[in-house]
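Residue numbers (my numbering), protein chains in the order written: chain A, 1 to 260; chain G, 1001 to 1648.
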């Protein structure tokens, strides 16, 4: 393996995905470097969420391959990707509404629980110690996200911006190597967006987590990401630093329409 | 166990560490768990921090800035500076960087210990303006990994340096502590200043410990008591409670997990001793009222019935006055069914003594807490008197007074009914400002408070306004704006009010609605609104506020002295008055002159007989950016009433 390859956490090679006759993604290739914040942007319907769903294993592309952490992934499915260290958040939130903030984030630790159901049910020695260790990790996340005041609050009763934070917290609880964020800023007001940007930068900085995020609000993305992939109608139209992408005529026309 | 007898805070700390080493001195909720520093642990940490500071060149007479929410480490940092003969300078944690420059320069700050990245960022932003600030230490490392760590270090590093220093120079810290004298200045507290630059109030150990010990004497505070430290550390009250009284009594200082969790944390700790400004009590009562309105009919009627029992006899029971047997029985039942659970919800089950101060408290509010068995009292003081001038002893509690002179204090009423104070807790001086010092302390040693007050027949002091704000209307009658504003603010729908009338024929008012209370009122009536501006401008809300104003006018008309001061016209402001926009001080007092200048067109409209007026103003957001808000405000007329028993 070359140094450059070792530097990559994820390579996407020639991925194509179609639903019947609809080509959601056509021959997409890009890579993600260890420790960077990588953005995938594009207008509505560009294929951003489909791309994320492919990386996450929720969709099986017809063509193409993924190389994660230097290893080609033979069979991509959500459970496999999660155990390899890929965590994600959801655009429309997929939290357990009736459960508390704490319990929701604790579910993120499930994959890391070693003790079996029986031990857990009776809180026997090992299970108890394990639970304490996981709780401590989760408490660090709660502290990190500043949601101590809502620890015991059912998630469904919280405002949207806070639910987004809980969703992020649950993904962080998996201690992911790669964190996929699906429109983390969607539906937020300016202040909430700023808070979320801060958290994304802090996650990247504090935990050293590599982040891939999707967003259609270009301005937010340009400020926080190191490199940007631009999709339009399922095709990659640009890839590079925010400044390069911003100056790219194809990107401008995709976002603003072509001059006539 | 005996109260400590030593004369400086670091010495008292060491005395506690020897007398009650295993008792909790500080608690802090961190990662969901209450972490305790015993007196022994606190003393050890103070030694380490002090030795670290000494290693870096901190010397007698230097000052250490502390900035952040209430954290045991920050209190210990202040003690560490004091152990070396230095002075603590706590700053308001939500002040923007520009506001900190003056204090940092004036107090010659070279060392700072701060809570987190937010504060570090502000100090780094000021590094050119305050070049002498060489050493910054932080408690919470989050987000600071990639900062230049030349002059910036975690507090752990400071304590590690301290440990090495202590190993190399055993006995050094103890010798330093032994050099301290009660005449030394222990803290410089900057007054928020309704006018002009902040002034640094220098308080000695003698005055602070005197004030702390006096409070222990009045309320029997001891090392079994628990208090919550959640008010700004830069405010004299927090220094009095969390430092002076803590040292004087040996009670435990509990620091909440975050600002949002104070009420939940309070329920867990169950403090026995509590202080809050009136607006906190008001906020608690508002949330109780709102929740009761949402409760089922049975609960609501039970609450209604027993609250009327409590109103009738609760306060009398608390004061030990005679109460009929029937009422006693009913109250006992109410205690079981309503008051007890309510106190528990408020986190006030174990409260022995609760205080309020700073602003006038509404009679209904005050009676509510006393009637459900919470011993709520008032005290009075300024930064210059360690917030220790008057205090209400048990059994002598009135809502409209601030009590009798505290032990060791004397009160006198001077010209313009100004309140003058003399005694143990007075300031040494304003830092490097002898002119200002001479201005406020007269030849007899009395401090001129600037408050206007009267002493009633029981010897209780009653504050009516600021002496300088008391003026005359065009017809020569007394105009005490604060008196009227407070009456308005006693309505739950009104958050803030500013009245005008000096030199004028009639009285006009600006009103800020209480967003939570009015919003809830509107929702109940299916009145839709999109936000603060929209709600404030709603005609139905205008009528609601007019009812409040007219009710107050009617009430005022019964008072012979101030009955003429009824509000003729008012308007509802489109934005909340905010310290970030300089309209309020950091302690949320109205900056009258500033507001008058900024909203000049609105005042002209009030007195020019206009029906509405357009206004555009700047606002500053928390991150320092600025923007504009605008609205067209309606001006309302209010009914006034003939003064009863008056000649005119």
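Just so it is clear, CB atoms sit at the ideal spot from N, CA and C, and this is done for glycine as well.
- The stretch 1344-1359 of chain G makes contact with the stretch 1213-1227 of chain G, as at least three CB pairs between them are under 8 Å.
- Contact of residue 1620 of chain G with chain A by beta-carbon distance below 8 Å is absent, the smallest such distance being about 14 Å.
- Interface flag for residue 250 of chain A against chain G is unset, since no Cβ pair is found closer than 9 Å.
- The C-alpha of residue 1425 of chain G is placed about 4 Å away from the C-alpha of residue 1207 of chain G.
- Residues of chain G with a Cβ closer than 7 Å to the Cβ of residue 139 of chain A are, in chain order, 1031, 1032.
- Residues of chain G whose Cβ lies closer than 7 Å to the Cβ of residue 90 of chain A do not exist, since the nearest Cβ in that chain is about 26 Å away.
- Counting only residues of its own chain and dropping the five nearest sequence neighbours on each side, residue 1316 of chain G has a CB closer than 7 Å to the CB of 1323.
- Under the 9 Å criterion on CB atoms, residue 1261 of chain G is classed as interfacial with respect to chain A.
- In this structure residue 1388 of chain G is not in contact with residue 1522 of chain G, their Cβ atoms being roughly 43 Å apart against a cut-off of 8 Å.
- Taken through DSSP and simplified to helix, strand or coil, residue 1254 of chain G comes out as strand.
- Residues of chain G whose Cβ lies closer than 7 Å to the Cβ of residue 136 of chain A are, in chain order, 1031.
- Here residue 170 of chain A carries a helix assignment [DSSP, helix/strand/coil].
- Of the candidates G/1128, G/1420, G/1467, G/1084, the residue whose Cα lies closest to the Cα of residue 1178 of chain G is G/1084.
- Scanning the stretch 1573-1610 of chain G for uninterrupted alpha helix (DSSP H) segments of 4 residues or longer gives 1592-1598, 1600-1607, listed from N- to C-terminal end.
- For residue 142 of chain A, the closest Cβ of chain G is nearer than 9 Å.
- Along the length of the stretch 1455-1490 of chain G, whole alpha helix (DSSP H) runs at least 4 residues long occupy 1481-1489, reported in chain order.
- Going by DSSP, residue 1173 of chain G is part of the alpha helix (DSSP H) stretching over 1172-1179.
- Of all residues in the stretch 1138-1168 of chain G, the ones placed with a Cβ closer than 8 Å to any Cβ belonging to chain A are 1142, 1143, 1145, 1146, in chain order.
- Residue 1066 of chain G carries a strand assignment under DSSP once its states are collapsed to helix, strand and coil.
- Nearest to residue 1371 of chain G by alpha-carbon distance, out of G/1101, G/1400, G/1311, is G/1311.
- Segment contact: the stretch 1109-1128 of chain G against the stretch 1010-1020 of chain G, fewer than three CB-CB distances shorter than 8 Å; contact not assigned.
- DSSP, reduced to helix, strand and coil, places residue 1520 of chain G within a helical segment of the structure shown.
- Under the three-state reduction of DSSP output, residue 1135 of chain G falls in the strand class.
- Listed along chain A, the residues sitting closer than 7 Å to residue 1257 of chain G by beta-carbon distance are 148.
- Contact check for residue 1439 of chain G and residue 1590 of chain G: beta-carbon distance about 23 Å, past the 8 Å limit, so the pair fails to qualify.
- Taking a C-beta cut-off of 9 Å against chain G, the contacting residues of the stretch 193-227 of chain A are 194, 198, 201, 202, 205, 206, listed in chain order.
- Each of A/84, A/80, A/71 was checked against the Cα of residue 178 of chain A, and the nearest Cα belongs to A/84.
- Scanning A/206, A/244, A/254, A/247 for the CA closest to the CA of residue 216 of chain A turns up A/254.
- For residue 1039 of chain G, the uninterrupted alpha helix (DSSP H) segment begins and ends at 1039-1055.
- Rounded to the nearest angstrom, the gap between the Cα atoms of residue 8 of chain A and residue 1582 of chain G is 51 Å.
- For residue 1071 of chain G, the closest C-alpha among the options G/1155, G/1321, G/1148, G/1128 is that of G/1155.
- Judged by their CB atoms, residue 1139 of chain G and residue 1068 of chain G are nearer to each other than the 9 Å cut-off.
- According to DSSP, residue pairing for residue 1150 of chain G in a beta bridge does not occur.
- The beta strand (DSSP E) runs lying completely inside the stretch 153-198 of chain A and spanning 3 residues or more are 178-182, given in chain order.
- For the pair residue 1358 of chain G and residue 134 of chain A, the Cα-to-Cα distance works out to about 45 Å.
- Remark: fewer than three beta-carbon pairs, one from each stretch, lie closer than 8 Å, so the stretch 1092-1101 of chain G and the stretch 1261-1281 of chain G are not flagged as touching.
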